Structure formats: structure tokens, C-alpha cells
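Quick notes on the structure that follows.
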Amino acid sequence: MEITHTSGVEGPKHDPYHWDEYVVTGYNRKFCNPEIHFTVHRGLANWFSIRKDGWKIPDSNMFCWEKYMEEMLFNITGMTFDQVVEKHEEEENGLFCPECNEVPEDTLDYAGYPGETIYCCSKCGAPCGSDQNMSAVI
Ligand SMILES: [Zn+2]
């Protein structure tokens, strides 16, 4: 299961709207089909789409689209939209080793600037992320 998030601006220049788009790629729980792309777009226009190989459910920009989207999303991914957003945020804040191309099993912690902790991969030593504790600075 992979979640990507993009955002931008749409609508007329004098009245721009912020949009967020989440794409969940992965296993279809219900039909046992891998490689489903479930896109949820929220902004000036709200829609979702489901793609697999050649077929695609038409973008749904309808009354009650949100209820319909939540049902479809849960049937396919086993997650609610809030859970998708939450999982993505966790992954984004999580540690990832760019050298080993994976989440490190263990990290070595180093002190950086005051309040900052740098996490390095215990296998190869590459920095995988950092943490800034503002309360330690103040
Ligand atoms: Zn590594």
C-alpha cells in the first residue's frame, strides 16, 4: 500500500482554491486485485477516481460524493479517508534510509544543533531524518 499526496492551486486567478490529492495504490481487499489506484481530490472540485489497468470508474463529482467515496475507499483499501491522511503523515515523518532504500531497523542518534537529534542508519550510517525539539531550545 502506497500513499502519495500532492497539492496545488486551482480555479480562477482572482479566486484561487487550494487542492489536495491523495492517491492510494495497492491491493484491492475485496476483489483481490493488486495495483488499484484510488485518487481522492479535494479543492474547488471534489472528485475521486479508481483506476486499474485499462478500466476506470468515471470521476465522481456528484451530490453525496463524499459518502460514496468513503464507502468505496473503505471497501478497497480498508481505510477511511482520515486514516489515509493520517498514515501518509506518519510515513512522511517517519525515518527512511536513502542509501539502503528502506526504513532503518535501528538508528544511531546524534545531537545536532541545540534541541536537534539526527538519526542515522545503523547499517550504513546515512542520515535518515531528524527531530527538532523546540522546548529544549527555549
Ligand atoms: Zn542505511
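Each step along the sequence shown adds one to the number in our numbering, with nothing skipped, and position 37 is 700.
By construction, the Cβ of each residue, glycine as well, lies at the ideal position given by its N, Cα and C atoms.
The structure displayed is predicted, hence computed values, not measured ones.
Between N796 and I781, the alpha-carbon positions lie close to 11 Å from each other. Cβ contact annotation for H751 (same chain, cutoff 6 Å, sequence separation greater than five): I666, H668, in chain order. Within its own chain, the residues whose Cβ lies closer than 7 Å to the Cβ of G671, once the five positions on either side in sequence are excluded, are W682, listed in chain order. Taking 7 Å as the cut-off, the beta carbon of L771 is found closer than this to the beta carbon of C783. Listed in chain order, the alpha helix (DSSP H) elements of length 4 or more contained wholly in the segment 723 to 748 are 728 to 740.
Counting other Cβ atoms within 10 Å of its Cβ, C727 stays below 16 and is therefore classed as exposed. C763 and G741 have their C-alpha atoms roughly 30 Å apart. The secondary-structure analysis by DSSP pairs G689 across a beta bridge with I699.
Nearest C-alpha to L707 among V748, P675, T688: P675. In the structure shown, H677 falls within a coil segment according to DSSP collapsed to helix, strand and coil.
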